[in-house]
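Heads up, the sequence shown is in the numbering used here, so the first residue is 78 and it goes up one at a time. Down below is the structure, laid out as structure tokens.
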Amino acid sequence: MIMADFIFIRKSRNIASSALHVFLNILLGLGSVLVTIFSGSPLIGIILVIASKWRVFAVRPRYILTNLKASLVDLIVGVSIVLLTYYTGTSILPVDFILAGFYCIWLIFIKPLTSEKANLAQSLVAVFLGMSTATIASASLNSILIVLISFFIGYAAARHVLIQTSDHDFLLTTLTCGLIFSEIAWLCHSWTIIYTFGNTGIRIPQLAIILTIFAFVYNSARQAIIKHQEDFKFKDIAAPVTFGIILITIIVIWFSNPIFNI
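Structure below.
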């Protein structure tokens, strides 16, 4: 009887803890967006996002950098959502509901996943949102900052995938990915295409789409090369590379009319 009561109490506590966790995540998702709209500044929203990562800093100093690297993708997503909200203005638009809703979904369902496919999906989300923010902000930022931000996003996205799937040093791979990101961003900076959708406030930069596709192809090619190693042939990566080239070509050639050009 005592054991049964103990199990019941423990289950009740787990349910209550899970419910509280979900509630706090919803509060963070909605709060970070709403406070940005009403204050007209991204500062408080960014502070909320960083404060939610208190566990990163609640360790011995020598572990802080490691924890920070492990949380880069989550921070990119959170800060990007706050900044995207800020750049839509102080009026409440449909895009604000989309951003708040997606951030809640990210915090509750997507972020806790740990499978290899989930890590890739998380990285692609960070690339898309991070580069969308960087591109929209490029009107008021120096081109050098855009290049550095792009490098940082590429590095963080590659590291997030590789840290879960590699048992060897992957520093060169992550740095290479970051370098390619920065080079593409530099090339596209002088002609920035952003797709808009009526009065919804939705703005999707072409660069964000291109780099998200590239990140997917880059990871697919890397996995194929590792899998086949000495027996590697181009045909092993032909499908993802061809898919990426065709898709990017279509976007660049047929969807480069500047609906909104910075």
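In this text, a Cβ means the ideal position worked out from N, Cα and C, and glycines have one as well. Here the structure is a predicted model, which means the values were calculated and not measured.
Of A301, T269 and S297, the smallest CA-CA separation from I286 is found for T269. Between the beta-carbon of I281 and that of I290 there is about 13 Å, and that puts the pair past the 8 Å contact cut. Secondary-structure assignment with DSSP links Y272 through a beta bridge to I281. Looking from the CA of Y163, the closest CA among T113, N91, A203 and F179 belongs to T113. Counting C-beta pairs closer than 8 Å gives fewer than three between the stretch 219-232 and the stretch 188-196, which falls short of the contact rule. In the three-state reduction of the DSSP assignment, K194 falls in the helix class. Boundaries of the alpha helix (DSSP H) around S157: L149 to Y164. H266 sits in coil when the DSSP states are folded into three classes, being neither helix nor strand. Contact annotation: the stretch 150-158 touches the stretch 175-184, with at least three C-beta pairs closer than 8 Å.
Per DSSP, R132 is one residue of the alpha helix (DSSP H) stretching across W131 to F134. In the displayed model, P119 falls within coil according to three-state DSSP, outside both helix and strand.
Here A298 is not near I323, since their CB atoms are 7 Å or more apart. Exclusion of the five residues before and after I302 leaves F309 as the residues of its chain whose Cβ lies within less than 6 Å of its Cβ. A203 is not a Cβ neighbour of V133, given a cutoff of 7 Å.
Straight-line measurement puts the Cα of F274 at about 14 Å from the Cα of F332. DSSP places I323 inside the alpha helix (DSSP H), whose first and last residues are A315 to W331.
Separation of I158 and S148 (C-alpha to C-alpha, rounded to the nearest whole angstrom) is 16 Å. When the Cα atoms are used, V329 and I175 turn out to be separated by approximately 27 Å.
Annotated three-state conformation of L218 is coil, per DSSP.
Counting the other CB atoms within 10 Å of its CB gives V294 a total of 16 or more, which places it among the buried residues. Per DSSP, L170 lies in no alpha helix (DSSP H) segment and is marked neither H nor E. At the C-beta level, S109 and L125 come within 7 Å of one another.
In this structure, S118 is the residue among S118, A128 and I123 with its C-alpha nearest to the C-alpha of G166. Just so you know, the alpha carbons of I141 and I123 end up roughly 19 Å apart. An exposed status is given to A135, since fewer than 16 other beta-carbon atoms sit within 10 Å of its beta-carbon.
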